[in-house]
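Beneath this line is the structure, given in structure tokens, with notes to follow.
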Ligand SMILES: N[C@@H](CCC(=O)N[C@@H](CS)C(=O)NCC(=O)O)C(=O)O
Ligand SMILES: [Fe+2]
């Protein structure tokens, strides 16, 4: 199975991307609104087809990226039926199974942190996505969102600690950089519910956590009751001037064929050296040559009246050029994906290219 664990440093949230190796069908668990572009880039680069976007619960500390992901991927939003959240496509309950290719996730209800918390368990029972029910050496607080410490005790003991000892625990958050645990480890070492803990011990511990309410609870909960659909129309951070995407590496990229059709509206910045510019790969008509090494000191030559597209041989140096331009405050900028190698592969037009078969000087 394809497996990626992603992290949002602001809310310390883990997002998980799981995919079937054979069919490329996938699921995305607990996406974060602000990390939407990153998640879409990875899904695109791994060539996955996301079928379901799952939330383990209605989060109180961050806005879910479920609605954004559904809109971008035409996936179905999955959440516990117990909340009555607007916009859920697949309201699930205990025992439901969500298949993606040869893989599947089984729904185990684990209320306590909230009344609709779910733990998703792989069909091979080697991974459990516990949300905030069981965390690494921790457990989700039970002091809001219809939380109940006795329910959480039962949920962890009956639904999570009954999984195989070597089943990995992947939590919804970790505030100390820990990434995963196992059922055996938590049964033994969890300071709230592990070892010889009795229900009374767990309740005593949880009732005295003394945590401040999450900073964004008043924004997050209402938004999450709509699956993270913004209250106003329109997608956030849309780039208007062209079909710019962000790669998983964080670089703004634009497809070469679109650039070829819009050359008149763009400033094409070629960052190779002069020998390459006039060399075998040729160059785009009207391209301006500023070698990458000189870009920082010649930045004032770049106009701000038109979007800038950067290009080099394979798209690496021009990716760095985008970084340099952004840092200099030039916003409408993108790297031509794949550079001139891809440009020629697509047989897009070059400056001063002789027609095939014309050998005259
Ligand atoms: N400090 C965080 C909130 C942390 C928090 O309350 N996390 C919840 C999960 S939504 C929890 O259950 N924490 C248990 C713990 O930290 O022990 C914020 O302001 O957003
Ligand atoms: Fe939570």
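In this note's numbering, the protein residues as written are 380 to 740. Where is the CB? At the ideal position from N, CA and C, for every residue including glycine.
Any non-hydrogen atom of ligand 2 closer than 6 Å to residue i Cβ
{"i": "residue 438", "result": "yes"}
{"i": "residue 387", "result": "no"}
Within-7 Å CB hit, residue i to chain D
{"i": "residue 682", "result": "This model lacks chain D altogether; it includes just one protein chain."}
Residue i versus residue j - alpha carbon distance
{"i": "residue 730", "j": "residue 719", "result": "12 Å"}
{"i": "residue 467", "j": "residue 458", "result": "6 Å"}
{"i": "residue 709", "j": "residue 680", "result": "12 Å"}
{"i": "residue 511", "j": "residue 384", "result": "16 Å"}
{"i": "residue 441", "j": "residue 482", "result": "28 Å"}
{"i": "residue 735", "j": "residue 411", "result": "Caution is warranted here: a pLDDT of 48 is assigned to residue 735, below 50, making its placement in the model unreliable, and the coordinate value is therefore given only provisionally. C-alpha separation (whole angstroms): 52 Å."}
{"i": "residue 543", "j": "residue 504", "result": "7 Å"}
{"i": "residue 508", "j": "residue 551", "result": "7 Å"}
{"i": "residue 733", "j": "residue 658", "result": "With a pLDDT of only 46 at residue 733, under the threshold of 50, the placement of this residue in the model should not be trusted; the figure read from the coordinates follows. About 14 Å."}
{"i": "residue 565", "j": "residue 575", "result": "12 Å"}
{"i": "residue 518", "j": "residue 472", "result": "22 Å"}
{"i": "residue 738", "j": "residue 395", "result": "Model confidence at residue 738 stands at a pLDDT of 47, short of 50, so the residue's coordinates are unreliable and nothing is read from them."}
{"i": "residue 583", "j": "residue 573", "result": "14 Å"}
{"i": "residue 562", "j": "residue 528", "result": "20 Å"}
{"i": "residue 620", "j": "residue 611", "result": "22 Å"}
{"i": "residue 456", "j": "residue 409", "result": "11 Å"}
{"i": "residue 530", "j": "residue 416", "result": "36 Å"}
{"i": "residue 668", "j": "residue 523", "result": "60 Å"}
{"i": "residue 664", "j": "residue 723", "result": "13 Å"}
Close beta carbons around residue i, own chain, < 6 Å, minus the five adjacent residues each side
{"i": "residue 752", "result": "Outside the shown range of the chain (380 to 740) lies residue 752, about which nothing can therefore be said."}
{"i": "residue 390", "result": "440, 441"}
{"i": "residue 662", "result": "649, 656, 730"}
{"i": "residue 707", "result": "678"}
Cβ shell of residue i (< 7 Å), same chain only, five flanking positions each side left out
{"i": "residue 692", "result": "651, 655, 660, 718, 719, 720"}
{"i": "residue 426", "result": "403"}
{"i": "residue 538", "result": "487, 489, 498"}
Buried or exposed (CB count within 10 angstroms, at least 16 for buried), residue i
{"i": "residue 714", "result": "buried"}
{"i": "residue 608", "result": "buried"}
{"i": "residue 430", "result": "buried"}
Sequence-distant residues of the same chain with beta carbon closer than 8 Å to residue i, five excluded per side
{"i": "residue 712", "result": "631, 686, 687, 688, 689, 701, 704, 705"}
Proximity test, residue i beta-carbon vs ligand 1 heavy atom, cut-off 6 Å
{"i": "residue 511", "result": "yes"}
{"i": "residue 520", "result": "yes"}
{"i": "residue 590", "result": "yes"}
{"i": "residue 694", "result": "no"}
{"i": "residue 491", "result": "no"}
{"i": "residue 517", "result": "yes"}
Could I get the ranges of all uninterrupted alpha helix (DSSP H) runs contained in the region 628–696, with 4 residues as the minimum, in chain order? 635–640, 653–656, 671–674
Which residue spans inside the region 590–624 form an unbroken alpha helix (DSSP H) run of at least 4? 596–603
Along the chain, which unbroken stretches of the alpha helix (DSSP H) at least 4 residues long are found entirely within the region 387–451? 415–424
Which complete beta strand (DSSP E) runs does the region 524–580 hold, if anything under 3 residues is left out? 547–550
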